[in-house]
Amino acid sequence: MVFADVDGTVLRGSSLIDFLLFDARRRGVRAAGEELVATVRAAVAAGAPRHRTAPLLYSWWAGRPVPEVFEAARDWVGARVRAGDLVHRAVLDEIEGHRRAGAEVVFVSASFDAPLTALSEALGANAFRCTPMEVRERVYTGATGAPMLGERKAEVVRGWPVPAGAHRVGYGDHVSDLPMLAAVDEPVAVTDGSDEALVTAARARGWRVLRAVAVEANRSNS
């Protein structure tokens, strides 16, 4: 059984930001998308926690029909696969190895259903759990439930039905993933060198640290 964070762990970068910028460019509102992302990044640099900055990114989708956003998400993933440099090779290779051995793969992410559906289809995940986006009459409102962060990820792991004695592996790249990693049997801290706090915490606990390398996703090799 594999539980994997997505942004920065499986993916090289953030699905919330990358998909938003793709959508902004495609709809001819690139400047508005870049301004919103710059605001979020400035808040993060100033020390704002993820549960404070993520709602700004979700708000981009307010008023958008759900089917339209799902279609855009599949186009985004397709474009990123064609361009290459979508995912981290070391993480993808390990997850693919677990999947070929019969393990179920679950993405656990603060992103939302549209990009995670497209990513699960492209990368072979069996299921995902994410931040719930509010929908009214098949239109996103921009509001969400509680972000899938921190302890909520651990609750997914603890509550997932698994056969007795099943071995659970977890992958995460941020200190907010520590509760989820602590809830599995084999925690793996993924790093590209940008989050030394996670590496320090992982090594203090005797967990394995996996260095990330970028590569295009290619289902044909699975």
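Using the numbering used here, the letters of the sequence shown map in sequence onto residues 1050 to 1271.
Yeah, the Cβ is synthetic: ideal placement off N, Cα and C, and Gly gets one too.
message = For a quick check, are the C-beta atoms of Phe1071 and Trp1110 less than 8 Å apart?
response = no
request  = Excluding the 5 residues preceding and the 5 following Leu1247 in the sequence, name in chain order all residues of the same chain whose CB lies nearer than 8 Å to its CB.
outcome  = Gly1221, Asp1222, His1223, Val1224, Asp1226, Leu1227, Ala1238 and Thr1240
request  = Return the Cβ separation of Asp1134 and Arg1061 in integer angstroms, given the expectation that the two are a contact with Cβ distance under 8 Å.
outcome  = 6 Å
request  = Could you pull the start and end residues of the alpha helix (DSSP H) that Glu1120 belongs to?
outcome  = Val1115 to Ala1132
ask   = So is Ala1261 buried or exposed if we call it buried at 16+ other beta carbons inside 10 Å?
value = buried
task = Express the C-alpha separation of His1147 and Gly1173 in angstroms, rounding to a whole number.
result = 11 Å
key: Spatial distance of Arg1099 from Arg1201 (CA atoms)   = 13 Å
query = Does the beta carbon of Glu1153 fall short of 7 Å from some heavy atom of the ligand ADP?
reply = The model on display carries no ligand, and the ligand ADP is accordingly not part of it.
ask   = Do you know whose CA, among Ala1152, Thr1249, Ser1108 and Arg1252, lies nearest Thr1190's CA?
value = Ser1108
Proximity to Val1188 [Cα-Cα], best of Pro1114, Glu1204 and Phe1068 = Check the Cα spacing between Val1188 and each of Pro1114, Glu1204 and Phe1068: the tightest is with Pro1114.
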